[in-house]
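These notes concern the structure reproduced below.
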Amino acid sequence: MKIYNFSAGPATLPHEVLKQAQAELLDWNHTGASVMELSHRGKEFDAYALEATADLRDILHIPENYKVLFLQGGARAQFAAVPLNILGDKKGADYIDSGYWSKCAADEADKYCKANRIDIKTTQDGKIALKTMQDWQLSDDCAYVHYCPNETIDGLAITTDPHFTDKIVVADYSSCILSKPIDVSRYGIIYAGAQKNIGPSGITIVIVREDLLGKAQKVLPSVLDYTIESKYDSMFNTPPTFAWYMSGLVFKWIKQLGGLSMMEKRNQLKAQALYQYIDSSDFYQNNIANVNRSIMNVPFVSPNEDIDKLFVSEATKAGIIGIKGHRIVGGMRASIYNAMDIEGVNYLINFMQQFEKQYG
Ligand code: PMP
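Positions 1 to 360 (this note's numbering) are the ones given, in order, by the sequence shown.
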């Protein structure tokens with residue numbers, strides 16, 4: 001039976017990429033060894049790492065005055081690394097609160113500075129919504145503004161690129177990076193854990209504007225110091241070479257499919273199909289205003305918690321895995337990242353229809 005994996009992360013990877021990794025596992029690039037057995041300082045891996053970085057720059061159109069780093073510690077390490085790298089002599093930073101992960105970022109930042117929380121949650125026609133950027137009440141003297149464009153757990157998205165002329169914007173793109181084109185030049189820092197749209201867990205991408213380097217606090221561990229990691233091409237310590245390799249394969253896969261405009265088209269199509277079905281049904285519900293619905297993570301509930309539980313267990317039997325909602329919100333969540341194709345989403349919708357017929 002074919003398995004459809006809707007896990008929020010680590011998440012499904014492109015089948016073609018997994019097949020290629022499998023084929024190359026024992027003998028990578030005619031070296032006679034697996035890529036994970038080779039020195040990160042050897043010429044083969046070094047060349048591969050540079051190519052993967054160039055591919056990422058190409059896909060995202062990253063301007064030349066930005067460094068691209070491949071670090072470790074997940075997005076949570078970046079919650080600490082950001083203030084410690086760029087706070088400089090400022091005392092505080094603005095943290096937009098749109099849900100679970102942006103709140104976690106603020107809580108971590110509070111250890112190092114005053115995280116000024118700005119709650120943007122609101123309602124629109126009885127549904128959960130987020131205030132638009134022009135209504136964010138930012139403070140005058142903050143070191144930067146931090147926000148999360150895609151709240152993985154809540155299924156809430158902020159879809160516009162920021163337009164603040166005089167602010168350094170930092171964004172946690174963990175669950176929506178590479179899902180559509182973005183204007184990198186509008187950001188000071190973009191970071192993202194890999195395990196959703198990039199590759200396996202264990203690697204974290206940081207894209208940082210060069211003028212923000214050189215401001216680190218003394219206590220910042222060197223492995224999280226953007227300036228040091230830039231100098232060492234993200235190899236100050238041994239990088240997670242296999243995760244880097246897999247990420248590189250995913251970048252090539254995206255390029256072959258037509259880049260981020262094509263990814264966006266595919267993602268819109270999948271999300272629209274799923275939301276349309278949920279909205280047309282009296283059995284399932286998603287309580288988020290259209291404008292803030294995530295195209296990556298689609299949370300939904302059935303009429304009650306017992307039926308939610310039944311849904312998850314019946315779905316598993318039908319080959320649908322990773323569909324259980326996060327424990328803090330319950331219900332279900334379909335994560336439909338780049339590697340989930342429309343066939344998988346249609347399979348889920350079809351299962352939902354059958355389930356509704358039986359238990360509705
Ligand atoms: N930010 C967002 C938006 C996330 O979705 C996650 C993980 N689900 C994190 C941060 C934390 O990532 P990590 O576990 O890689 O530290």
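Idealized CB from N, CA, C, for every residue including glycine.
| query | result |
| --- | --- |
| Heavy atom of the ligand PMP less than 7 Å from the Cβ of N292, yes or no? | no |
| Work out the CA separation of Q134 and Y48 for me, nearest whole Å. | 42 Å |
| So M262 is in the alpha helix (DSSP H); what residue range does that whole segment cover? | 259-280 |
| For the beta strand (DSSP E) that contains Q124, what are its first and last residues? | 121-124 |
| Closer than 7 Å by C-beta to P181: which residues in its own chain qualify, once you throw out the five before and the five after it? Chain order, please. | L260, S261, E264 |
| Under the DSSP definition of a beta bridge, which residues are partnered with A115? | A93 |
| State yes or no: is the C-beta of W136 nearer than 7 Å to some heavy atom of the ligand PMP? | no |
| Compare the Cα-Cα distances from E356 to each of I307, P63, W28 and report the closest residue. | I307 |
| My understanding is that Y365 touches R293, with C-beta atoms under 8 Å, so please give their C-beta distance in whole angstroms. | Outside the displayed range of the chain (1 to 360) lies residue 365, so it cannot be described from this structure. |
| When every heavy atom of the ligand PMP is checked, does at least one fall within less than 7 Å of the C-beta of W244? | no |
| Can the beta-carbon of S335 be found closer than 8 Å to that of N287? | no |
| May I ask whether a heavy atom of the ligand PMP can be found less than 7 Å away from the beta carbon of S179? | no |
| Do V206 and Y191 have their beta-carbon atoms positioned less than 8 Å apart in this structure? | yes |
| Is R86 near L212, with beta carbons less than 8 Å apart? | The question names Arg, yet the displayed sequence has Ile at residue 86. Yes. |
| Between I62 and S185, what straight-line distance do the alpha-carbon atoms span, to the nearest angstrom? | 8 Å |
| For G394 and R41, what's the separation of their Cα atoms in angstroms? | Outside the shown range of the chain (1 to 360) lies residue 394, about which nothing can therefore be said. |
| Which residues in the same chain have their Cβ closer than 8 Å to the Cβ of S98, if we skip the five residues on either side of it in sequence? | I120, K121, L130, Y147, C148, E151, D154, L156, I158 |
| Smallest Cα separation from I203: which of R209, I228, S234, S230? | S234 |
| Take D55 as the anchor and find which of L178, I321, V329 has the nearest alpha-carbon. | L178 |
| If you measure from the beta carbon of N290 to each beta carbon in chain B, is any gap under 8 Å? | The question asks about chain B, but that chain is absent: this structure has only one protein chain. |
| Taking 7 Å as the cut-off, is the beta-carbon of N338 closer than that to any non-hydrogen atom of the ligand PMP? | no |
| Going by CA-CA distance only, name the one from C104, I3, F300, M340 that's closest to L269. | M340 |
| Just how far apart, CA to CA, sit V312 and G322? | 9 Å |
| For the ligand PMP, is there a heavy atom less than 7 Å away from the beta-carbon of G199? | no |
| Quick check: is any heavy atom of the ligand PMP less than 7 Å from the C-beta of T152? | yes |
| Specify, as a first and last residue, the run of the alpha helix (DSSP H) that V17 falls within. | 15-24 |
| Considering only the beta carbon of each residue, do A75 and S222 sit closer than 8 Å? | no |
| Could you tell me whether the Cβ atoms of A318 and F283 are closer together than 8 Å? | no |
| Going by the CB atoms, is the gap between V170 and I68 shorter than 8 Å? | Sequence check: residue 68 is Val here, not Ile. No, Cβ-Cβ distance for V68 and V170 is not below 8 Å. |
| If you draw a straight line from the C-alpha of K2 to the C-alpha of Q78, how long is it? | 36 Å |
| Could you tell me the boundaries of the beta strand (DSSP E) in which Y147 lies? | 145-147 |
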